[in-house]
């Protein structure tokens, strides 16, 4: 799980196609956590706020991780901690986690693990 603070940047806008979305996912994983992954799976593509914006988000499952050094932007303050998936699901169900991208992503992973599409621990 990542908790992050980023100073708003009014002069930035992001628009990624499928190829750059994967590159962005890899870059963000490294920048924010220090991890790199050997295996990537495109998990989800969804509208962040349907009916209001046409912004979409892509979610990737990163597996076979290698720990490295995080590389946050100068204006980012990021803390990371490992949390068991079952605990994150409980946090979602109790309302402690309420942002849509995290809820959607975690519930996707939980359902796919329940169906044994992904192992509990990839190496």
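In this note's numbering, the protein residues as written are 7 to 129.
All C-beta atoms in this analysis are idealised placements derived from N, C-alpha and C, irrespective of residue type, glycine included.
Since this is a predicted model, take the numbers as computed values, not measurements.
In the DSSP assignment, the beta strand (DSSP E) including residue i goes from what residue to what residue?
i: residue 84; result: 82–86
i: residue 69; result: 62–72
Which of the three DSSP states, helix, strand or coil, is assigned to residue i?
i: residue 54; result: coil
i: residue 43; result: strand
i: residue 76; result: coil
Please work out which residues of its chain come closer than 6 angstroms, Cβ to Cβ, to residue i, disregarding the five sequence neighbours upstream and downstream, and give them in chain order.
i: residue 111; result: 65
Which residues bound the alpha helix (DSSP H) around residue i?
i: residue 107; result: 106–120
i: residue 96; result: 91–99
If I'm right that residue i touches residue j with Cβ under 8 angstroms, what's the distance once you round it to whole angstroms?
i: residue 62; j: residue 42; result: Actually they are not in contact, since the Cβ atoms of residue 62 and residue 42 sit about 25 angstroms apart, beyond 8 angstroms.
i: residue 69; j: residue 91; result: Residue 69 to residue 91, Cβ: 13 angstroms. No contact.
i: residue 59; j: residue 114; result: With 8 angstroms as the limit, residue 59 and residue 114 do not qualify as a contact, their Cβ atoms being about 21 angstroms apart.
Note down, in chain order, each residue of its chain lying with its Cβ closer than 7 angstroms to the Cβ of residue i, except the 5 sequence neighbours on either side.
i: residue 52; result: 62, 63 and 110
i: residue 95; result: 112 and 116
Apart from the five residues just before and just after residue i, which ones in its own chain have a Cβ nearer than 8 angstroms to its Cβ?
i: residue 77; result: 36, 37 and 40
i: residue 54; result: 61, 62, 63, 106 and 107
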